[in-house]
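Student:
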Amino acid sequence: MNNAHDPDILRGLHAAIIDLVDEINRPRRDDRLIVEAGIPLDRALFPLLARVWRYGPIGVVELADRTGRDHTTISRQMSKLEELDLIERKSSLTDRRVREATVTGKGQEMVDVLNAARERLANRILVDWTDTDLNQLHTLLRRFADDLMR
1 MNNAHDPDIL
11 RGLHAAIIDL
21 VDEINRPRRD
31 DRLIVEAGIP
41 LDRALFPLLA
51 RVWRYGPIGV
61 VELADRTGRD
71 HTTISRQMSK
81 LEELDLIERK
91 SSLTDRRVRE
101 ATVTGKGQEM
111 VDVLNAARER
121 LANRILVDWT
131 DTDLNQLHTL
141 LRRFADDLMR
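Letter 107 of the sequence shown, counting from 1, is numbered 107 in the numbering used here, and no numbers are missing.
1. Using only the alpha-carbon positions, how far apart do GLY56 and GLU62 sit?
2. Which residue comes first and which comes last in the alpha helix (DSSP H) that contains ARG97?
3. LEU114: which of ASP19, TRP53, THR73, ALA145 sits nearest, CA to CA?
4. Let me know the alpha helix (DSSP H) ranges lying completely inside the region 57–112, each 4 residues or longer, listed in chain order.
5. Ends of the alpha helix (DSSP H) at PRO40?
6. Check this for me: beta carbons of LEU33 and LEU81, under 8 Å apart or not?
7. Taking the alpha carbon of ASP30 as the point to measure from, which residue in GLU23, ARG43, LEU20 has its own alpha carbon closest?
8. At which residues does the alpha helix (DSSP H) containing TRP129 begin and terminate?
9. What residue range does the alpha helix (DSSP H) around ASP19 cover?
10. Under the criterion of a Cβ to heavy atom distance below 7 Å, does ASP22 qualify as lining the ligand NAD?
11. Drop a sphere of 10 angstroms on the beta-carbon of LEU45, count the other beta-carbons inside from all chains shown, and report buried for 16 or more, exposed for fewer.
12. Secondary structure at ASN3, three-state DSSP: helix, strand or coil?
13. Suppose you measure from the CA of ASP8 to the CA of ILE17; what does that come to, to the nearest Å?
14. Nearest CA to the CA of MET78: which residue from VAL60, ARG118, LYS90, LEU121?
15. State the CB to CB distance for the pair THR72 and ARG51, rounded to an integer number of angstroms; the pair is presumed to be in contact (CB under 8 Å).
Printed below as a string of structure tokens:
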């Protein structure tokens, strides 16, 4: 069976993904979210907090892999999150050498505020999109992400 797809479509898809990743990774996007949320959190820390919330309990090495950052940098930033009482770290139940992070109650409150701010910003960006458009985008993005992670 020939699974080759139209190269122009694949190039266009790749270009759209690169544009999306580039835009999401711009520091001004993070700054805008922090301002919208009204929280006093360093821009470098909130993506880590969000990932601990999403994937926790999670260790430094896995978090570094997910963010594309050096594990020593992640370790220092995790210590800052811990000092702020936004996460707590405990020995892993499966590997005592690994300290896994989870979000604290205070961290969950901050995540909730960030999620509400993200939702407000998304509603401004997607003002002209219908629920059908958004559902279709969600379905296709989820499928793409799931296939990519296999």
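Glycine residues also receive a C-beta, built at the ideal position from the N, C-alpha and C atoms.
Predicted model only: the values in this text are computed from it and were never measured.
Tutor: Reading from the atomic positions:
1. 10 Å
2. Looking at the DSSP string, ARG97 is not in any alpha helix (DSSP H), and its letter there is neither H nor E.
3. TRP53
4. 60–67, 71–83
5. Note, PRO40: premise wrong, no alpha helix (DSSP H); not H, not E.
6. no
7. ARG43
8. Segment: none, TRP129 is in no alpha helix (DSSP H) and carries neither H nor E.
9. 7–24
10. In terms of ligand content, the structure shown is empty, and the ligand NAD therefore cannot be addressed.
11. buried
12. coil
13. 14 Å
14. VAL60
15. With a Cβ gap of about 17 Å, THR72 and ARG51 do not count as contacting.
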